[in-house]
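For the record, in the sequence shown the residue sitting at position 24 is 24 according to full-length UniProt numbering, with numbers rising by one throughout.
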Amino acid sequence: MGVPVNELPVNIVLSWMEQKAVLILLALFNLGIQNIYLGPNPPEFVNEAIFEFLQQNFNLHLTGDAKTDLATMLNGQIETAAV
């Protein structure tokens, strides 16, 4: 397709932090995928320093209000989520 993967109009939301979801998240990071929504809370093993690193390097977001998150994703606007 000739388009970088992070420019495709795709949004990823992971909301269940079981072993498979964590593996998927790590695989997405390994592939360099950005703008992933995670939540409503980060996994227990992710402390504040790790979360800040993931925000800075992968533009990771926590989910919040579903309507707001969906509107943000559909408009192609990414807002920084707070821990």
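Note that CB positions come from ideal geometry on N, CA and C, so glycine has one too.
Note on residue 69: 16 or more other CB atoms within 10 angstroms of its CB, so buried under the neighbour-count rule. Positions of the beta strand (DSSP E) runs, each at least 3 residues long and wholly inside the stretch 16-62, are given as 36-38 in order along the chain. Residue 37 places its beta carbon less than 7 Å from that of residue 63.
CA-CA distance, residue 11 to residue 74, rounds to 9 Å. Take the alpha-carbon of residue 24 and the one of residue 3: they are about 22 Å apart.
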